[in-house]
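This report concerns only the one structure given below.
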Ligand code: C5P
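Residue numbers (the working numbering): 60 to 291.
Pasting the structure below:
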């Protein structure tokens, strides 16, 4: 994919939503994009896709050059709730715990992050983009007009994921989920490149005791203040 996207030369408004796993950002970003009629970038899905393909192709999770070359060659299609990669349906595979863990490993490699940077910026198209991830406000869209950092306690985040998986009929242990979530948090926050942290100009929202609607209302108020949405 070849797209020219100089930083700061915004062709459409961007709202970034960063935060740790289970903070609710995926749900919030999806609803916000739908309400506004804007595009949605689920950047975590891109790292999950690279990880799933690496596991499938037996590429070592620390082979930065091979992973970056593979990432750059992928043809990805997001349609409704479907994720298609090189014509293959990876919708369910990328949500497994094995892929979650592998995704945070490949995401620590600068070569992999560079390989998908332009593809992420290319998603910034009119009428606007809601970008969900870890480094949307700090690295990918530093000029975004509204940056949200959504957080919640690790226990509440693990419980949310537990309920999500249980509703899908999957049996998991809450304790195992909490441990894996804390491991991923540590890896995402501790890595040298694009660590998970709030952008300096981000609005931090702790969703531990907030409902989805309350978080959305708060973001909407901020978007209104910045003239990103209509007041109706
Ligand atoms: O958000 P999600 O859980 O789908 O992300 C999967 C993994 O991808 C995260 O644990 C993180 O390591 C990585 N990621 C990242 N930068 C992003 C989005 C996700 O490093 N912008």
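Note that CB positions come from ideal geometry on N, CA and C, so glycine has one too.
Predicted, not measured: the structure shown is a model, and the values here were computed from it.
Item: Which residues DSSP lists as bridging residue 86, in chain order; Value: In the DSSP output, where bridge partners are listed per residue, residue 86 has none listed.
Item: Residue 75 - DSSP class collapsed to helix/strand/coil; Value: strand
Item: Residue span of the alpha helix (DSSP H) that contains residue 278, given as start and end; Value: 271-284
Item: Stretch-stretch touch, CB-based, cutoff 8 Å, three pairs: the region 80-88 with the region 207-225; Value: yes
Item: Within 7 Å, strictly: CB atoms of residue 178 and residue 127; Value: no
Item: Per-residue DSSP class, three states only, for residue 61; Value: For residue 61, the predicted model reports a pLDDT of 30, less than 50, meaning its position is unreliable; a value from the coordinates is still stated below. DSSP places residue 61 in coil when its eight states are reduced to three.
Item: Span of the alpha helix (DSSP H) around residue 115; Value: 102-116
Item: C-beta contact flag for residue 188 and residue 98 at 7 Å; Value: yes
Item: Any non-hydrogen atom of the ligand C5P closer than 6 Å to residue 103 Cβ; Value: yes
Item: Selected residue, minimal CA-CA separation from residue 72, among 204, 125, 121; Value: 204
Item: Local conformation of residue 173 per DSSP, three classes; Value: helix
Item: Reduced DSSP secondary structure (H/G/I, E/B, other) of residue 288; Value: coil
Item: Check: residue 265 C-beta below 6 Å from any heavy atom of the ligand C5P; Value: no
Item: Those residues which DSSP pairs with residue 189 across a bridge; Value: 74, 99
Item: Neighbourhood of residue 282 by C-beta distance below 7 Å, restricted to the same chain and skipping five residues each side; Value: 74, 205, 288
Item: Host alpha helix (DSSP H) of residue 152 (start-end); Value: Note, residue 152: premise wrong, no alpha helix (DSSP H); not H, not E.
Item: Sub-7 Å separation of residue 198 and residue 109 beta-carbons; Value: no
Item: Under 7 Å between C-beta atoms of residue 158 and residue 111; Value: yes
Item: Pick from 172, 147, 142 that is closest to residue 154, judged by C-alpha positions; Value: 142
Item: Helix, strand or coil at residue 256 according to DSSP, with G and I counted as helix; Value: coil
Item: Buried or exposed (CB count within 10 angstroms, at least 16 for buried), residue 285; Value: exposed
Item: First and last residue of the uninterrupted alpha helix (DSSP H) at residue 215; Value: 213-226
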